[in-house]
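This report refers to the structure that appears directly beneath it.
Numbering (the numbering used here), first residue to last: 771 to 885.
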């Protein structure tokens, strides 16, 4: 069964990856630009503003994607009651990774845009 955890945000890697406590978390169903790509800094800045280091975060691991690449937990992250995954999509800083709609437990939530 997938985990839920709470903890302080300790590091923002990029727009769709952050550390909560000692756990590296990759946001489920969303993708932001990588370093060197257009929009990278804007997406990272949005994540920093939404979930600043020191903020308490709730992490809800994706039951359908419990093993992410690079040893990262795949999850939805809430900071101050804001769903970071959804906020990145709605703001235009992230794109839906539709490939995972067939396996993600969150695919049926309206914010995802999964078919």
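From the three backbone atoms N, C-alpha and C, an ideal C-beta is built for every residue, glycine too. None of these values were measured; they are calculated from a predicted model.
field: At least three beta-carbon pairs within less than 8 Å, the stretch 818 to 825 to the stretch 869 to 877
entry: No, the stretch 818 to 825 does not touch the stretch 869 to 877.
query: So, helix, strand or coil for residue 841, using DSSP?
result: One-based indexing of the chain shown puts residue 841 at position 71. Residue state, collapsed to three classes: helix.
- prompt: Over what stretch of residues does the beta strand (DSSP E) that includes residue 787 continue unbroken?
  reply: As a position in the chain shown, residue 787 is number 17, starting the count at 1. Start and end: 787 to 790.
task: Classify residue 823 as helix, strand or coil using the three-state DSSP reduction.
output: Stepping through the chain shown from its first residue, residue 823 is reached at position 53. It is coil, neither helix nor strand.
message: Along the chain, where does the beta strand (DSSP E) containing residue 797 start, and where does it finish?
response: In the chain shown, the residue the question calls residue 797 occupies position 27. From DSSP, the beta strand (DSSP E) with residue 797 extends over 793 to 797.
query: With residue 847 and residue 797 assumed to form a contact (beta carbons below 8 Å), what rounded beta-carbon distance in angstroms separates them?
result: Here residue 847 refers to the residue found at position 77 when the chain shown is read from its first residue. Here residue 797 refers to the residue found at position 27 when the chain shown is read from its first residue. Contact between residue 847 and residue 797 holds: CB atoms are separated by about 6 Å, below the 8 Å threshold.
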